[in-house]
Amino acid sequence: MRDLAMRAIHVSLDGLAARQRIIAENLANVDTPGYLAGRVSFEASLREAVSGRAPERTRLSTARSTDPTRVNGNNVDVDTENVSLVETGLRYQLAVESVNVKFRILRAAIRRDG
Amino acid sequence: MAIFPILQTAGSGLRTHRIWMDAVADNLANVNTIRPFDEGAFQARYVVAEAIRSDDRDPPGVGGGSRAAAVLFGSSEGRVRYEPTHPYANEQGLVRYPDIELGDQMTQLVMAQRAYQMNLAVVDRARDAYLQALQINGR
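Chains as they are written, first to last, in my numbering: chain V, 1 to 114; chain D, 1001 to 1139.
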């Protein structure tokens, strides 16, 4: 159950959930003067951690976007955030579906017995 | 890694056309911005869109999207009008209005809005397609 793949998916679910929260925060602050959009990154760190067979060592970092700002110092772009929201949601579902597949296989194996 | 590159492409289209709408809004907001004769008139904004190179995609050439590469400014001579009572009028009573054609701007606004909606439709359809694909494994 706690094989490498499941642990990696667990970490990626945490990362994607964090990204979704940051996107919500960005959208809430779309008009806040001086607010810089947040960006969550963890994929590169996860890839390294998985190749070292220790997905839990993934570092989840939040950086501020260096995109150009508008006159009030805000640089949140609604279209970028919305597309990011759609994509993060799809990635999250992909990860959850992978977990489901694993459990489905286990369930089938358990049912076969008896 | 972008596993759904079509979303990035459509996102770039949304961004470009929203900037276009911003420019038209700016022009329309300043359609009556009067300037003194000795200074330049308010210059209309023109957004220049360009395609994003996509040679690294597979197959190369498809899927880069677009971006607003630059903003060009229209004529600074504008339309000279005779308004002697205006505080900005010079000795001959002349002021400068921007050289903005309302009909042209409204047409651009409709075009930009429709293009924005079409890019939104792409995002919608792509998301539905991927959601369907995710259901291959289960019920």
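Just so it is clear, CB atoms sit at the ideal spot from N, CA and C, and this is done for glycine as well.
Computed from a prediction, not measured in an experiment: that's the story for all the values here.
- Counting along the chain, Val1071(D) sits inside the beta strand (DSSP E) bounded by residues Ser1066 to Phe1073.
- Taking C-beta separations shorter than 6 Å and ignoring five residues to either side along the sequence, the partners of Arg1035(D) in its chain run Ala1041 and Arg1096, following chain order.
- Of Gly1013(D), Thr1009(D) and Leu1028(D), the smallest CA-CA separation from Met1106(D) is found for Leu1028(D).
- Look at Arg1125(D) here: in three-state DSSP terms it is helix.
- When beta bridges are read from the DSSP output, Tyr1046(D) appears opposite Leu1072(D).
- Annotation: Leu16(V) has no Cβ neighbours in chain D at a cutoff of 8 Å; minimum Cβ distance is about 12 Å.
- Checking the DSSP bridge columns, you'll see Ser45(V) has no partner listed.
- When secondary structure is reduced to three states using DSSP, Pro1005(D) falls in the helix class.
- Note on geometry: alpha-carbon atoms of Val1048(D) and Ser41(V) lie some 32 Å from one another.
- DSSP places Arg59(V) outside both helix and strand once states are collapsed to three, so it counts as coil.
- Cβ neighbours of Pro55(V) within its own chain (closer than 8 Å, five residues either side excluded): Leu4, Arg7, Ala8, His10, Val11, Leu46 and Ala49.
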